[in-house]
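Participant: In full-length UniProt numbering, the protein residues as written are 1 to 76. Pasting a structure here, questions to come.
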Amino acid sequence: MKIKTFYRRFRDLTEDLEEVKVDIGEAQDLMQKAQSKNPDLEHCHHEDLMLKCEKRNKQLQRDMWRLQLEWLDYTT
1 MKIKTFYRRF RDLTEDLEEV KVDIGEAQDL MQKAQSKNPD LEHCHHEDLM
51 LKCEKRNKQL QRDMWRLQLE WLDYTT
């Protein structure tokens with residue numbers, strides 16, 4: 001695998017991780033606003049959105065870890 005390919009994959013994963021962090025923050029804000037307006041209601045939709053974002057974040061972190069291991073294998 002070429003260095004350019006590693007760099008592209010790293011850049012793409014980094015961008016995706018940044019986007020997911022923003023999405024998690026937005027989902028948390030939505031949930032807090034919804035809970036402040038109606039504290040008695042269940043806010044499943046917002047909780048599901050947060051869980052999906054957090055799951056995506058964990059997957060991207062695993063992908064980044066695998067890429068780092070591949071890079072170590074490639075360079076050693």
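The beta carbon of each residue, even a glycine, is placed where N, CA and C say it ideally should be.
1. Is L60 buried or exposed, if buried means 16 or more other CB atoms sit within 10 Å of its CB?
2. Mind the definition here: the segment 29-46 touches the segment 9-16 only if three or more C-beta pairs lie below 8 Å; say whether that holds.
3. Between I3 and M64, what straight-line distance do the alpha-carbon atoms span, to the nearest angstrom?
4. Run through DSSP, which three-state label would E2 get?
5. Hey, would you say I24 sits closer than 7 Å to C53, going by beta carbons?
6. V20: buried (16+ other C-beta within 10 angstroms of its C-beta) or exposed?
7. Can you give the Cα-Cα distance for E5 and N57, rounded to whole angstroms?
Facilitator: This is what the structure gives:
1. Flag for L60 reads buried.
2. The segment 29-46 is not in contact with the segment 9-16.
3. Rounded to the nearest angstrom, the gap between the Cα atoms of I3 and M64 is 15 Å.
4. In the sequence under discussion, the amino acid at residue 2 is Lys, which differs from the Glu named in the question. If DSSP states are grouped into helix, strand and coil, K2 belongs with coil.
5. With respect to C53, I24 sits close: the two C-beta atoms are nearer than 7 Å.
6. Sixteen is the threshold: when 16 or more other Cβ atoms of the shown chains lie within 10 Å of the Cβ of V20, as they do, the residue is buried.
7. Residue identity differs from the one stated: residue 5 is Thr in this sequence, not Glu. One C-alpha to the other measures close to 22 Å.
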